[in-house]
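Accompanying notes for the structure given below.
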Amino acid sequence: MGHNQEEFSDAYKEARGLARATLSGSSATIDWCIQGGRGGETLVDPVRGSLNNGDLYGERMGWTLSGYPDRDWPLVTFPRATSEPGADWYRTTFTLDIPADQYVFALINHF
Numbered sequence: 061m062g063h064n065q066e067e068f069s070d071a072y073k074e075a076r077g078l079a080r081a082t083l084s085g086s087s088a089t090i091d092w093c094i095q096g097g098r099g100g101e102t103l104v105d106p107v108r109g110s111l112n113n114g115d116l117y118g119e120r121m122g123w124t125l126s127g128y129p130d131r132d133w134p135l136v137t138f139p140r141a142t143s144e145p146g147a148d149w150y151r152t153t154f155t156l157d158i159p160a161d162q163y164v165f166a167l168i169n170h171f
């Protein structure tokens, strides 16, 4: 059922994720920046719903969704090393020889 498991309670309105933080040894205030998903109230991905699947910019912008226009992304060759901080995003396609009526879990490990 979801968050707090109670259909008829207002508990589902409870905040999700990180709601408060304290840094030991610091008296500095912490400013929050709320990041929403691409499309706002109009769902970009109606199959997965309104919750973001992660906190990376590319996840919020839909870079992980099939059909995302990635034709302008540069081509790269692996193995690839970069000295830039952050996360890199790569896309590829492949064909699996699996019967259409079977649900199969596939794990693709990093190299």
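When the letters of the sequence shown are read in order and numbered with this note's numbering, they come out as residues 61 to 171.
All residues carry an ideal CB built from backbone N, CA and C; glycine is no exception.
If you compare alpha carbons, which of the options is closest to residue i?
{"i": "residue 132", "options": "107, 151 and 120", "result": "151"}
{"i": "residue 146", "options": "118, 157, 159 and 165", "result": "118"}
{"i": "residue 149", "options": "108, 130 and 160", "result": "130"}
{"i": "residue 203", "options": "98, 136 and 138", "result": "The structure shown does not extend to residue 203, since the chain is modelled only from 61 to 171, so the question has no answer here."}
{"i": "residue 105", "options": "162, 168 and 128", "result": "128"}
{"i": "residue 100", "options": "87, 85, 122 and 137", "result": "122"}
{"i": "residue 168", "options": "103, 85 and 153", "result": "153"}
Whose C-beta lies closer than 7 Å to the C-beta of residue i among residues of the same chain, with five residues either side of it excluded?
{"i": "residue 157", "result": "none"}
{"i": "residue 81", "result": "90"}
{"i": "residue 164", "result": "158"}
Please report the residue range of the alpha helix (DSSP H) in which residue i lies.
{"i": "residue 151", "result": "Counting along the chain, residue 151 falls outside any alpha helix (DSSP H), and DSSP gives it neither H nor E."}
{"i": "residue 119", "result": "117 to 120"}
Taking 8 Å as the limit between beta carbons, can you name the residues of its chain near residue i, skipping five residues before and five after?
{"i": "residue 83", "result": "90"}
{"i": "residue 116", "result": "147"}
{"i": "residue 136", "result": "150"}
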